[in-house]
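Here the sequence shown stands for residues 467 to 1081, where the numbers follow the working numbering. Data block below; observations after.
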Amino acid sequence: MKENRSALFRGFAAIMLFYFVATNIRSIFSRVQVSAFTQQYKYTGFRKYSPHQRSLSSSPAHNLAVPTRSSTDLIDVLDACWSSTTWTINPEGDPRVDQALGGLLSPAPQAFFALQRALREATCVEVAMNSCHFLVKYGFVFVVRRNLDSNDKRFRVGGDWHILSENIPIDENEWRVISRPESIQNALQIAKEALSYLEESSQRQESVDESKVKSTVDKLRCHLNLTLGTDIRGRTCADTAFNLALAGVTDDGLFKVLSKITLLELHRVGKRPSRRGKDILQIVEKLAASGERGGDAEKAFKFAAECVLEKGPKLEPGNDDLLRENGFSLLSARPRVWLWRYSTSLAKPTATSKMDKPLVTLSADVWWRRFENPTKPLVIDIGCGFGVSLLGLASCEKSVDPSPLLSGTDFPDCNFIGGDLNQGATSFANGIAHRWGISKRLSFVTCSTKTLLKQVLESYEGPIALILVQFPTPYRLVHEDYGNSQLPSGVESGFMIDSSVMDQIATILQKSSVGNLKARLLFKTNCEDVALTVRNLANAKGLRCIQTDRCRTIQQLDGMRPSQRTQKWIEMGGDRAAGKDWWHSSLLPVNCDTETEVACNLQNTAVHQCLFETS
467 MKENRSALFR
477 GFAAIMLFYF
487 VATNIRSIFS
497 RVQVSAFTQQ
507 YKYTGFRKYS
517 PHQRSLSSSP
527 AHNLAVPTRS
537 STDLIDVLDA
547 CWSSTTWTIN
557 PEGDPRVDQA
567 LGGLLSPAPQ
577 AFFALQRALR
587 EATCVEVAMN
597 SCHFLVKYGF
607 VFVVRRNLDS
617 NDKRFRVGGD
627 WHILSENIPI
637 DENEWRVISR
647 PESIQNALQI
657 AKEALSYLEE
667 SSQRQESVDE
677 SKVKSTVDKL
687 RCHLNLTLGT
697 DIRGRTCADT
707 AFNLALAGVT
717 DDGLFKVLSK
727 ITLLELHRVG
737 KRPSRRGKDI
747 LQIVEKLAAS
757 GERGGDAEKA
767 FKFAAECVLE
777 KGPKLEPGND
787 DLLRENGFSL
797 LSARPRVWLW
807 RYSTSLAKPT
817 ATSKMDKPLV
827 TLSADVWWRR
837 FENPTKPLVI
847 DIGCGFGVSL
857 LGLASCEKSV
867 DPSPLLSGTD
877 FPDCNFIGGD
887 LNQGATSFAN
897 GIAHRWGISK
907 RLSFVTCSTK
917 TLLKQVLESY
927 EGPIALILVQ
937 FPTPYRLVHE
947 DYGNSQLPSG
957 VESGFMIDSS
967 VMDQIATILQ
977 KSSVGNLKAR
987 LLFKTNCEDV
997 ALTVRNLANA
1007 KGLRCIQTDR
1017 CRTIQQLDGM
1027 RPSQRTQKWI
1037 EMGGDRAAGK
1047 DWWHSSLLPV
1057 NCDTETEVAC
1067 NLQNTAVHQC
1077 LFETS
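Laid out in structure tokens, this is it:
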């Protein structure tokens, strides 16, 4: 019995020894290679490089051109990069390759693939490393042979370039160190550069120089061609797409590349136990908020739903669309919440002559010429924000049941125009309309409400079907001497819907209410006092409320969470927005509500809405 146990023990020990040698053979050879590299230059002039003693490259890398590829070609390369493994990178077990892998960030095979390709694609080593040096771990240096032929694009590791520990001596006559840039701009930072320019232009109330935006987009495209998205892991890739969309970028191919990177990254980390369902949802919510849909974006949405359902029994409220075929998009609830969060961080623009004059000249006086058929019934959204409602309405298919908003027509038969003072918001909306292929019947302009309505009255050839006024910035509450300094001081002092604007609206509705077409006004707000003020103003201008049996009751209002403003209004003894004038549920088609209304619904805050037509 003892002999059998001894034989079993010896057999087990032999197996463990074999396993140890097999799994560590590459590491052993790599150490031998390092030793050989050190021994080769032991008696030659060498220098040990510390982080503060690296030689500077002689060529400026920032101003050198980088060739770019089509989005389709780049997507094929991305597949190859993300499928890289140690065995595909180093099938022959070259210890020099293993040594280089040891100096690269994880996942090292993908980093190696991207770095090797960047060296072959870029016009010179400095250009490649200016974008890709982040792949090299701190404590390691990237070296290149001094007599390297610039026409030789093989770039063999160990022969033409290498990644070595800082402690390994290097023969300066044979090798030169490519220094790490003081700051390396990743793809997200480049996208934020474009958005920052747009935000600054909007704040200064100046027209955007499209050539500057294009220059930044070209810079990002070149950067992605070298890094292959290895610098935008996790949610960062979706954040990059979202920032580009907010900047009004219309390069559909660039968004397709970012969708592909997001999908590949989800497949890499999505099912790891360390990844929370919340983290995965945020990735696809941000991607959808960028306006991406279909193709790799749709695959990313499906895979995210699969990952989240494996981690928990159900999806968070507002993400049910993930489970429907082609159901998840910018028009879904949670992606719109990201837009709302961003919008709350922006300063409120005000109507000024400086705002109107240049932008009216450039866009607002020609918007109707962009339509394929400028005689179709028109839907107007004044104070449209990011244009979510019009983007949804313009995407609607022919409905079986006619909308209560329209009389004598349907949304697929309409043109759409949105106007807002925020140039960033209208740039986002126009960018999405362009990428979705609906810009021949949907457009957005940056101008005041009065200017847009004046243009409609004087220049639009077709009838007006519907005017939307949703969640205008409220005026300061009566008797309030404190609060948000950005709010208009009163109804007739900066509030978007003052008496003169309501006159314009009433004139447009009366002019277009001919035959079986009855033009209407839909008003929405989350401020109860504002709702009552606008209702009374509209009634005074000859507009009547279209009443409903599906009305809002006092009990329903009391069951919702009041805002601080509404609570104060109630304490002041103000009237309540209840009764047949006030519709309880949204009148807009599914997924056409604004980002503000979605946020209100998630917070159980009341939205007050009235539908008007001429008496």
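Here a beta-carbon is modelled for each residue, glycine too, at the ideal position from N, C-alpha and C. Since the structure is predicted, the reported quantities are computational estimates derived from the model, not experimental observations.
Go ahead and label residue i buried or exposed: buried means 16 or more other beta carbons lie within 10 angstroms of its beta carbon, across all protein chains shown.
i     : result
G757  : buried
T554  : exposed
M1038 : exposed
Y604  : exposed
G858  : buried
S819  : Residue placement at S819 cannot be trusted, given a pLDDT of 43 that sits under 50; the coordinates are not used to answer.
K1007 : buried
E927  : exposed
I1020 : exposed
D615  : exposed
E764  : buried
D762  : buried
G1025 : exposed
N982  : exposed
K468  : Low confidence applies to K468: its pLDDT is 47, below 50, so where it sits in the model is not reliable, and the reading given next is rough at best. That one is exposed.
V1056 : exposed
D886  : buried
S549  : exposed
May I have the straight-line CA-CA distance separating residue i from residue j, to the nearest angstrom?
i     : j     : result
G778  : D745  : 13 angstroms
D995  : R670  : 32 angstroms
C862  : K1046 : 28 angstroms
E1079 : L934  : 12 angstroms
S979  : R1018 : 28 angstroms
R1016 : R1001 : 18 angstroms
A704  : T728  : 6 angstroms
A418  : S725  : Here the chain comprises residues numbered 467 to 1081, so residue 418 is not present and cannot be evaluated.
F431  : E666  : Because residue 431 is not part of the residues shown, which for the chain are 467 to 1081, the question remains open.
F767  : I650  : 31 angstroms
R742  : E776  : 11 angstroms
G568  : R562  : 10 angstroms
S681  : G695  : 19 angstroms
A755  : N896  : 14 angstroms
F708  : L753  : 6 angstroms
L797  : L712  : 15 angstroms
C547  : S1052 : 47 angstroms
E672  : E924  : 26 angstroms
L975  : P801  : 34 angstroms
P1028 : L690  : 47 angstroms
R738  : D718  : 31 angstroms
I846  : D1041 : 30 angstroms
T939  : A566  : 58 angstroms
A860  : I1036 : 38 angstroms
S523  : N617  : Confidence is the limiting factor: at S523 the pLDDT is only 32, short of 50, which leaves the residue's position unreliable, though a coordinate-based value still follows. In a straight line, the C-alpha of S523 is about 19 angstroms away from that of N617.
E659  : E648  : 18 angstroms
E731  : T706  : 14 angstroms
In terms of residues, what are the limits of the alpha helix (DSSP H) holding residue i?
i     : result
L1001 : Reading off the sequence shown, one finds Arg at residue 1001, where the question assumed Leu. That run of the alpha helix (DSSP H) goes E994 to A1006.
F910  : From DSSP, F910 is part of no alpha helix (DSSP H) but of the beta strand (DSSP E) over L908 to T912.
R807  : A799 to T810
R1031 : Q1030 to E1037
P561  : P561 to G568
A771  : G761 to K777
D745  : G743 to A755
R901  : Q889 to R901
I555  : T552 to I555
V543  : S537 to W548
Per DSSP, which residues does residue i bridge with? Please list them.
i     : result
N881  : L844
D718  : Looking at the DSSP assignment, D718 forms no beta bridge with any residue, so it has no partner.
C1058 : C1058 pairs with nothing; no bridge assigned.
W1049 : C1017
F989  : V935 and C1076
S631  : F606
L983  : V980
I974  : Note: I974 sits in no beta bridge, so no partner.
D886  : T912
Can you name the start and end residues of the beta strand (DSSP E) that residue i belongs to?
i     : result
F937  : Run containing F937: none; DSSP gives neither H nor E here.
L1009 : L1009 to C1011
R642  : W641 to I644
| request: Write down every uninterrupted run of the beta strand (DSSP E) in the region 646-677 whose length is 3 residues or greater and which is fully enclosed by it, in chain order. | output: Taken in chain order, the region 646-677 contains no complete beta strand (DSSP E) segment of 3 residues or longer.
| Which ranges does the alpha helix (DSSP H) cover as unbroken runs of at least 4 residues, wholly within the region 571-629, from first to last along the chain? | 574-587 and 591-598, all fully within the region 571-629.
| query | In chain order, which alpha helix (DSSP H) runs of at least 4 residues are fully inside the region 686-741? | reply | Entirely contained in the region 686-741, the alpha helix (DSSP H) runs reaching 4 residues are, in chain order, 702-712 and 718-735.
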